[in-house]
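For reference, the structure discussed in these notes is given below.
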Amino acid sequence: PDDWDEEAPFRIADPSASMPSGWLEGEPLKIADPKSKRPDDWDDEEDGEWEAPVIENPKCSVGCGKWEAPMINNPDYKGKWYAPKIDNPNYIGEWKPRQIANPEFFEDENPYQIPTIDSIGIDIWTMDKGIIFDNIVVDKNPEKVVDFGKATFKVRNEIEMKQDKETSSGSWFQEYLDWVFNNPVPVLISIVVLLSGSFLLCCRSPSPPAPPATTGEGSQSTPKRKGVREYSTKARSASPSGKKTEKAAGDDAGAPTSEQDKKED
């Protein structure tokens, strides 16, 4: 429409409002407190420039600063113009296939009459093996169910209990084999470690025997040790260099040759 103004604001200043008397436009709302004083221990270098605390301006009991009229809703506001909506004469909608009667539909007039149950399905999730479901009976008569259990489950249970006692001696070996087959990685690692340790122990060179511990009595000269010293003396005297020193060796033959001989003397 020609009189439609899209630029008109939603809210405008109230034209009927006026600035109240006593409003001071030249005064600030907050001023420095004239009663405050600079502290005696204030240091400008460490604490910075001192400024008095700010308080409300006592002159602004009515108001201070620039006065602005309160805002009200614009009576001439219409907003952006949009064309009105009408029904689309070419609209047909989303196509769906035509519905017909289901030829396989039927209505069970006697839902309480069910056919004979000749099988049962059990859906169970477990990690344990050896679970067996057997001797399942469905009947409305409790006494008949009990009699069926005595004639089937009880008889078979007694036989299985006897078999378990007979095979209990070999059950631990079978459990061990099952554990080995179920845990191949730890078993292989253990075998490799044992074989490696055995190989290293077999191939290791024997360590030299430790020298015998010496005691006060063992440090003394023995007949065997004297024989060794006499043999070494004869060998030195038989050598060319030993002949030159034979005289000196003969002079010193009576003297002790070591600390041990001194102890013996």
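Note that my numbering has the sequence shown beginning at 2, numbered continuously upward.
Heads up, the beta-carbon is just placed ideally off N, CA and C, and yes, glycines get one too.
Only a predicted model underlies this, so the values are computations on that prediction, with no experimental measurement involved.
Query raised in the report: Comparing alpha-carbon positions, which option in Val156, Pro71 and Ile133 lies nearest Pro21?
Result: Pro71
Query raised in the report: Given that a residue counts as buried once 16 or more other Cβ atoms are within 10 Å of its Cβ, and exposed if not, what is Cys203?
Result: exposed
Query raised in the report: CB-CB under 8 angstroms to Asp6, same chain, minus the five flanking residues each way: which ones, in chain order?
Result: Hits under 8 angstroms: Asp77 and Lys79.
Query raised in the report: Alpha carbon to alpha carbon, what distance is there between Asn103 and Val148?
Result: The identity of residue 148 in the sequence shown is Asp, whereas the question assumes Val. Rounded to the nearest angstrom, the two C-alpha atoms are 48 angstroms apart.
**Report entry** Helix, strand or coil at Lys163 [DSSP, three-state]
**Finding:** In the three-state reduction of the DSSP assignment, Lys163 falls in the helix class.
Query raised in the report: From Leu178 to Arg205, what distance separates their C-alpha atoms?
Result: 34 angstroms
Query raised in the report: Name the DSSP bridge partner or partners of Ala14?
Result: Met72
**Report entry** alpha helix (DSSP H) segment containing Val55, residue limits
**Finding:** Segment Val55 to Glu57 is the beta strand (DSSP E) holding Val55; no alpha helix (DSSP H) there.
Query raised in the report: What did DSSP end up calling Lys155 once you bin it into helix, strand or coil?
Result: helix
**Report entry** Segment contact, 8 angstroms Cβ cut-off, at least three pairs: the region 21-36 with the region 88-105
**Finding:** no
Query - Ile160 versus Ile133 - alpha carbon distance - result: 15 angstroms
**Report entry** Whole-angstrom C-beta distance between Glu28 and Asn58, which should lie under 8 angstroms
**Finding:** About 6 angstroms; that satisfies the 8 angstroms criterion.
**Report entry** Residues near Phe182 in its chain [Cβ-Cβ closer than 6 angstroms; skip 5 each side]
**Finding:** none
Query raised in the report: Taking DSSP as the reference, what is the three-state secondary structure of Ile32?
Result: Judged by DSSP in its simplified three-state form, Ile32 adopts strand.
**Report entry** Secondary structure of Cys61, DSSP reduced to three states
**Finding:** In this structure, DSSP gives Cys61 a state outside helix and strand, which the three-state scheme calls coil.
Requested in this report: Give a yes or no on whether the C-beta atoms belonging to Asn136 and Gly150 are separated by under 9 angstroms.
Outcome: In contact: Asn136 and Gly150 (Cβ atoms closer than 9 angstroms).
Query raised in the report: From the DSSP output, which residues share a beta bridge with Leu25?
Result: Cys65
Query - Rounded distance between the beta-carbons of Ser37 and Ala53, thought under 8 angstroms - result: With a Cβ gap of about 5 angstroms, Ala53 and Ser37 count as contacting.
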